[in-house]
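Numbering (my numbering), first residue to last: 1 to 606.
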Ligand code: X8Z
Ligand code: ZN
């Protein structure tokens, strides 16, 4: 299904299948005495079609969501069977509605109806081809299988991730890095087939391929969207390059030329994270001298926080802004801890089932990173609740998927030392000498992430367009890793390997551009909310905790759902329709100055 798990709109589905074109919209051919030209569909027909579609989607949503929830919470043959079946049915419905919506192309329609028809045509993440139900079934089965394969590796992944996060033994890190990538080797064949079927489905819906379908979801031409991503990347690339240069130099100092040269690309196993996507775990290696930053992991452990205690604390931030407390069922039905006795998909996710049933699913560890992720997930839940209560079915989604990913992160940007003192996690706020360390810690996660957030879908776009063939899947992946992130694999990779599959969102079929967008938008939102909160001084010291005015502005945007193009939602919040990375630049300005000074006599770049 659509990854509710990733909190897209509740009616979005990962694919929808072939099938019967909608019959009810065909004008009836009256047998009249005098031949009458057949009448085409009218605006009234379109409105009726939309109303019926909303009802059918709503009627079917809870079942598919619960089948997916059970399959991710108890990974067995049987739950995968049930999930695949539910997904298949939902795909069939989705494709029927998408094709039905196309019947009104070219008609003059009220804006509301036109937008809903457009959303119906774009709703399918992985469509199946028309009139071939066996392919719909096959696609749904592959989806469930890939998700299960990834989830069954949870023990290996958690252990290997822990090694990368905490070890400084290059051999141990290399072993962990390689071991996890064994799990994804068998995904290559099913993934290849999945791309083939879904592409056929996308073409049947009038798109060039699945990538073009995904890029059409942004209220602009698909090519213009790709260009917009590149434009914004251009704004932040100098900051990334400066960070890359400093980190590479420090890795070289620590591990020496044999393991980490001070030139070219960085080996991917030394950056503290399985995908080298966030580097905060090796902060100590690159920490500026002088001040100190708060070690949130250490503080959470010192205060004996439990997983549930961390979730309560995060909920408290949202209620301080004026959000309602989460319903009781959130607490009784969510998964916070990794079960000992069964396989689950541990990758964090947020779910909505009906207007009063919201849950997160995580295998929470007591760390500062996980504390942030909890805010991220609750951000999804509060967004879902805001639009579910205010909007009709087809508008129950975020302005664009980057908005959904940005909300919890925006709130988490307010987890400043000042805030940590307010919740008694620390006793004393560090003085101003703590600013640089704080910014460096943030940059290791937020700035390091940007090129990764961009390259994942660049790879998928190439796969779907056919530019990248199965015999070059892995090589194409590593080429993009090199070009954008400036990293390389620590051991030789071949086409026997399927390294993209080692990243959850590939087997999970969750589009990834959303996270790049979110990493820009969250700083734009933060800058604006801080202005409303009357914050003065550097952006990184601002916390909107307890500020009802800022909360009101945020809630108003969330309640819009996807009723308007995202540019309007952005303007409602920030006054501008443009995505703009200057907020990222403003936030990290003091760090950039410092990095440039450090890098003065270094040869940067790769
Ligand atoms: O997948 C996630 C969330 C769930 S939507 C935990 N994120 C991306 C990732 O882990 O790769 C958040 C940051 C990027
Ligand atoms: Zn998310």
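Glycine residues also receive a C-beta, built at the ideal position from the N, C-alpha and C atoms. The structure displayed is predicted, hence computed values, not measured ones.
Asked: Straight-line Cα distance separating residue 565 from residue 217; Found: 10 Å
Asked: At least 3 beta-carbon pairs within less than 8 Å: the region 534–546 vs the region 411–424; Found: yes
Asked: C-beta atoms of residue 521 and residue 406 nearer than 8 Å; Found: yes
Asked: Best match in 227, 95, 57 and 372 for proximity to residue 313 [C-alpha to C-alpha]; Found: 372
Asked: Distance cut-off 7 Å: residue 488 Cβ against heavy atoms of ligand 2; Found: no
Asked: Residues near residue 194 by beta carbon distance below 6 Å, same chain, minus five either side; Found: 142
Asked: Any non-hydrogen atom of ligand 1 within 7 Å of residue 292 CB; Found: no
Asked: Where the alpha helix (DSSP H) through residue 357 begins and ends; Found: Here residue 357 belongs to no alpha helix (DSSP H); instead the beta strand (DSSP E) covers 357–361.
Asked: For residue 488: DSSP bridge partner residues; Found: 267
Asked: Pair within 8 Å by beta-carbon distance, residue 345 and residue 338; Found: no
Asked: Residue range of the alpha helix (DSSP H) that includes residue 383; Found: 368–390
Asked: Whole-number beta carbon distance between residue 485 and residue 455, since they are thought to touch under 8 Å; Found: 7 Å
Asked: Within 8 Å, strictly: CB atoms of residue 129 and residue 201; Found: yes
Asked: Same chain, Cβ closer than 6 Å to residue 277, five either side skipped, listed in chain order; Found: 449 and 452
Asked: Sub-8 Å separation of residue 181 and residue 497 beta-carbons; Found: yes
Asked: Beta-carbon spacing of residue 353, residue 86 below 8 Å; Found: no
Asked: Residue 119 - partner residues in DSSP beta bridges; Found: Paired residue(s): none; residue 119 is not in a bridge.
Asked: Own chain, CB closer than 8 Å to residue 333, minus 5 neighbours either side, in chain order; Found: 357 and 359
Asked: Proximity of residue 533 and residue 550 at Cβ, strictly below 8 Å; Found: yes
Asked: Under the three-state DSSP convention, the category residue 335 falls into; Found: strand
Asked: Same chain, Cβ closer than 8 Å to residue 577, neighbours up to 5 away in sequence not counted; Found: 567, 568, 570 and 571
Asked: CB of residue 321 within 8 Å of CB of residue 547, strictly; Found: yes
Asked: Complete runs of the alpha helix (DSSP H) confined to the region 473–547 [at least 4 residues]; Found: 473–480 and 513–532
Asked: Contacting residues, own chain, Cβ-Cβ under 8 Å from residue 297 (five flanking each side not counted); Found: 366, 367, 368 and 369
Asked: Among 61, 40, 69 and 63, the one whose alpha carbon lies nearest that of residue 350; Found: 69
Asked: Same chain, Cβ closer than 7 Å to residue 241, five either side skipped, listed in chain order; Found: 604 and 605
Asked: Sequence ranges, alpha helix (DSSP H) only - wholly within the region 54–105, length at least 4; Found: 77–102
Asked: 8 Å Cβ cutoff met for residue 410 and residue 535; Found: no
Asked: Inter-stretch contact at 8 Å, needing at least 3 Cβ pairs: the region 273–289 / the region 158–177; Found: yes
Asked: Secondary structure, alpha helix (DSSP H): runs of 4+ residues fully inside the region 141–197; Found: 154–166 and 170–182
Asked: Three-state secondary structure assigned by DSSP to residue 607; Found: Shown here, the chain extends from 1 to 606; a query on residue 607 therefore has no answer.
Asked: CB of residue 265 within 8 Å of CB of residue 482, strictly; Found: yes
Asked: Residue from 398, 149, 46 and 300 whose Cα sits closest to the Cα of residue 555; Found: 398
Asked: Given residue 112 as reference, the closest of 80, 476, 47 and 154 once Cα atoms are compared; Found: 47
Asked: Residue 42 (DSSP reduced to helix, strand or coil); Found: coil
Asked: Unbroken alpha helix (DSSP H) run spanning residue 238, endpoints; Found: 222–259
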